[in-house]
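Numbering (our numbering), first residue to last: 13 to 448. All C-beta atoms in this analysis are idealised placements derived from N, C-alpha and C, irrespective of residue type, glycine included. What you are looking at is a predicted structure, and each value in this text was computed from that prediction instead of being measured.
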């Protein structure tokens, strides 16, 4: 079939070489990688700094995996929007969906393996979003972590899943190529098919450019080993999951059951598209419903991705009560900023991410200072499925932090946003305040 010929040429010539490079570089990294919570980061530092061309292999592996996922997604979009899935076997479409999902899973599980601050907290943000799934969220996250902590057991599981996902991706690619192969025994490829070799050359050039010029987009820069008690600023999940915390936070907080049914419906439609859509027409005007739904999903993905990228710059300001503050409340705001609580929380809908509840609800729910302090020390005593870590904090700072959180009462006080660094250096810089 014509559509399958095009699909076969694109995937085989443009992606086959990248898959081989990515798998070979991954095997090379496995030789040096030590999958323990203490040694994972130093072992990859050794690859970067001491192993000949180790830095290049890491870049090829990271960029290759990112390119594979991106191009698999673009290919799936092209097949959908052009209606090409109508002229190929239904199993071929299912195989293409599986290629995207296994490539995404390989990227996600591999993202955690360096155990840098970026890797640890980016993964924590993704798992926090998944935990909001009704019925199964907490159980699924506990299974992925191997318990209630994102630690050594989770590292072993993520490594196993990463290797398994890469193997499945290669298998699905081979099955897809075989199913879509337009040639039969004795046939010779046409000149138009031979021109697909240019696709391999172009993708190879782009991969080389990514490895050389923009390695930070694809490969963990290994700036700092993970510290589970200190969440850094400006950390996001992997690029293809940036939308996840934002979308889950919005939908699941308002309509948790409907949101779960919505995600299940998307999966069912994605896999069953060629079985549900029996309309033989491929033109856009003849497919208004399917194209409208597909366009809405793509636009939603792009919108929440942009929202997530903007959220990476949270924490530049801190929300404070606008009237006179006590010394404990000022110190508590400083502790809130130093502990980077804005990584998961907003205050009155501002200056933070929406991973956890808004801090204004502490006062609204009638919590006492003692309750707040106990919760901060060990949140899992109150919410067993929470991803909030235990904090090492002095008694003085703990009391100050609870005083600040209990001062966030929107029914009695006005609020202002002050510059974070000025707050840390000087206390309350009223001159730079923004009224809320």
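Within 10 Å of its beta-carbon, does residue 144 have 16 or more other beta-carbons around it, so buried, or fewer, so exposed?
Along the chain shown, read from residue 1 onward, the residue named residue 144 stands at position 132. It is buried - the Cβ of residue 144 has at least 16 other Cβ atoms within 10 Å.
Residues that residue 128 bridges to, as DSSP identifies them:
Taking the first residue of the chain shown as 1, we reach residue 128 at position 116. Answer by DSSP bridge pairing, in chain order: 237.
Looking at residue 420 and residue 354, is the spacing between their C-beta atoms short of 8 Å?
What you label residue 354 is simply residue 342 of the chain shown in a count that begins at 1. What you label residue 420 is simply residue 408 of the chain shown in a count that begins at 1. Going by C-beta atoms, residue 354 is not nearer than 8 Å to residue 420.
Could you give the DSSP three-state label for residue 359: helix, strand or coil?
What you label residue 359 is simply residue 347 of the chain shown in a count that begins at 1. Correct three-state label for residue 359: strand.
Report yes if the CB atom of residue 127 is closer than 8 Å to the CB atom of residue 167, and no otherwise.
As a working mapping, residue 127 is identified with position 115 in the chain shown. As a working mapping, residue 167 is identified with position 155 in the chain shown. Yes, they are a contact pair.
Going by CA-CA distance only, name the one from 248, 345, 411 and 395 that's closest to residue 129.
The count along the chain shown starts at 1 and reaches residue 129 at position 117. Selected option, being the one with the closest Cα: 248.
Which word fits residue 34, buried or exposed, when buried means at least 16 other C-beta atoms lie within 10 angstroms of its C-beta?
Mapped onto the chain shown, residue 34 falls at position 22. The Cβ neighbour count for residue 34, taken over all protein chains shown within 10 Å, is at least 16; the residue is labelled buried.
Contact under 8 Å by Cβ, residue 339 with residue 411
In the chain shown, counting from the first residue as 1, residue 339 sits at position 327. In the chain shown, counting from the first residue as 1, residue 411 sits at position 399. Taking 8 Å as the Cβ cut-off, residue 339 and residue 411 do not qualify as a contacting pair.
Using only CA atoms, which one of 94, 415, 38 and 190 lies nearest to residue 337?
For the purposes of this step, residue 337 is identified with residue 325 of the chain shown, where counting begins at 1. Of 94, 415, 38 and 190, the residue nearest in Cα terms is 415.
Distance between residue 42 and residue 91 (C-alpha atoms, nearest Å)
To locate residue 91, count along the chain shown from 1; it is residue 79. To locate residue 42, count along the chain shown from 1; it is residue 30. Between residue 91 and residue 42, the C-alpha separation is close to 35 Å.
Rounded to whole angstroms, what is the Cα-Cα separation between residue 239 and residue 75?
Numbered from its first residue, the chain shown carries residue 239 at position 227. Numbered from its first residue, the chain shown carries residue 75 at position 63. If you take the alpha carbons of residue 239 and residue 75, they lie about 26 Å apart.
Roughly how many whole angstroms lie between the Cα atoms of residue 332 and residue 320?
Position 320 of the chain shown holds residue 332. Position 308 of the chain shown holds residue 320. The alpha-carbon atoms of residue 332 and residue 320 are separated by roughly 24 Å.
Starting from the Cα of residue 115, find the closest Cα among 174, 307, 103 and 52 and give me that residue.
Within the chain shown, numbered from 1, the residue matching residue 115 stands at position 103. Looking at the Cα atoms, 174 is the closest of the given residues.
Quick one, which of 106, 55, 185 and 30 has its alpha-carbon nearest residue 288's?
Translated into the one-based positions of the chain shown, residue 288 becomes position 276. Ranked by Cα distance from residue 288, the first of 106, 55, 185 and 30 is 106.
Please confirm whether any heavy atom of the ligand ZN lies closer than 7 Å to the CB of residue 381.
Ligands are entirely absent from the displayed structure, and the ligand ZN is therefore not among its contents.
Can you tell me which of 307, 27, 253 and 154 puts its alpha carbon nearest to the alpha carbon of residue 84?
Position 72 of the chain shown holds residue 84. Cα-wise, what sits closest to residue 84 is 27.
Alpha helix (DSSP H) segment containing residue 96, residue limits:
Translated into positions along the chain shown, residue 96 becomes position 84. Here residue 96 belongs to no alpha helix (DSSP H), and DSSP marks it neither H nor E.
Looking at residue 48 and residue 146, is the spacing between their C-beta atoms short of 8 Å?
Working through the chain shown from its first residue, we reach residue 146 at position 134. Working through the chain shown from its first residue, we reach residue 48 at position 36. No, the Cβ-Cβ distance between residue 146 and residue 48 is not below 8 Å.
C-beta atoms of residue 152 and residue 135 nearer than 8 Å
Here residue 152 refers to the residue found at position 140 when the chain shown is read from its first residue. Here residue 135 refers to the residue found at position 123 when the chain shown is read from its first residue. No, they are not a contact pair.
Check the C-beta distance from residue 104 over to residue 170 and give it rounded, since I have them as a contact under 8 Å.
Counting from one through the chain shown, the residue named residue 104 turns up at place 92. Counting from one through the chain shown, the residue named residue 170 turns up at place 158. Not confirmed; about 31 Å, so no contact.
As assigned by DSSP and simplified to three states, the class of residue 368:
Here residue 368 refers to the residue found at position 356 when the chain shown is read from its first residue. Three-state DSSP puts residue 368 in coil, outside helix and strand.
Could you tell me which uninterrupted alpha helix (DSSP H) segments, each at least 4 residues in length, are contained entirely in the stretch 30-94, listed from first to last along the chain?
52-61 and 66-93
Alpha-carbon to alpha-carbon, residue 253 and residue 285
The residue you call residue 285 lines up with position 273 of the chain shown. The residue you call residue 253 lines up with position 241 of the chain shown. Taking the straight line from one Cα to the other gives about 23 Å.
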